[in-house]
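Residue numbers (the numbering used here): 7 to 205.
All residues carry an ideal CB built from backbone N, CA and C; glycine is no exception.
Structure first, then comments.
And the structure:
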């Protein structure tokens, strides 16, 4: 779970850096929470008092889920709409990416819009429309810890520093060539794409 949580933190900070107004709102939320205290200390109880930061984290998880798909094995025959039957033993791939970017569920699904997760906007949203940790009895056992770590780290960082990603995002083809299987090149090491940090 360390890599997936690190990914969630990085994408949250990236999305906040790309949207100054949301970054500033998170910063204000954390600063108000920390007023009169040691700024280096976010307590477990504080996490429920960061509603906007939590919305930003959830939207980052929707846009950039650390896990893109999960599989399940059917334990019995399953009849689907259209009179189609999936046989027992078949493996089903559930696309988390596809679910989170489905335009029939999410308006402007490729845009970062944290207010989608405002409680007043979540009414009518299907139970399985947001599944960054999968769902059901076999979902991620560490999801509460991951959200707590992402909230504390992301909230603390947004209060302490102002981030700017430095330029427009580049497509896969611009960075690595025509396909994900392109061989390692200077762009992969951050030399050709103008990255601020070496990869």
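| query | result |
| --- | --- |
| So does the stretch 103 to 117 actually touch the stretch 125 to 137, counting three or more Cβ pairs closer than 8 Å? | yes |
| Quick check on residue 66: buried or exposed, where buried means 16 or more other Cβ atoms within 10 Å of its Cβ? | buried |
| Roughly how many angstroms lie between the CA atoms of residue 16 and residue 144, to the nearest whole one? | 26 Å |
| Taking only the alpha-carbon atoms, compute the straight-line gap between residue 24 and residue 120 and give it to the nearest angstrom. | 13 Å |
| Under the assumption that residue 62 contacts residue 32 (Cβ atoms under 8 Å), give the Cβ distance between them as a whole number of angstroms. | 6 Å |
| Return the chain-ordered list of same chain residues with a C-beta closer than 7 Å to the C-beta of residue 141, the five sequence neighbours on each side being excluded. | 134 |
| Relative to the alpha-carbon of residue 79, which residue among 92, 37, 153 has its alpha-carbon at the smallest distance? | 92 |
| Would you tell me roughly how many angstroms separate the C-alpha atoms of residue 116 and residue 108, rounded to the nearest one? | 9 Å |
| Would DSSP call residue 56 helix, strand or coil? | coil |
| Mapping the DSSP letters down to three states, classify residue 18 as helix, strand or coil. | helix |
| So what does DSSP say about residue 152, is it helix, strand or coil? | helix |
| When you compare only the Cα positions, how much space is there between residue 155 and residue 20? | 16 Å |
| Can you name the residues that DSSP bridges to residue 79? | 97 |
| Can you tell me where the beta strand (DSSP E) holding residue 121 begins and where it ends? | It is not in any beta strand (DSSP E) - residue 121 carries neither H nor E in the DSSP assignment. |
| Skipping 5 residues on each side, what residues in its chain have a beta carbon closer than 6 Å to that of residue 53? | 154, 157 |
| Comparing C-alpha positions only, which one of 38, 139, 42, 151 sits nearest to residue 103? | 139 |
| Taking residue 70 as the reference, which of 27, 101, 126, 150 has the closest Cα? | 101 |
| Alpha carbon to alpha carbon, how far is residue 125 from residue 131? Give it in angstroms, no decimals. | 11 Å |
| Considering just the uninterrupted stretch of the alpha helix (DSSP H) at residue 36, what are its terminal residues? | 26 to 40 |
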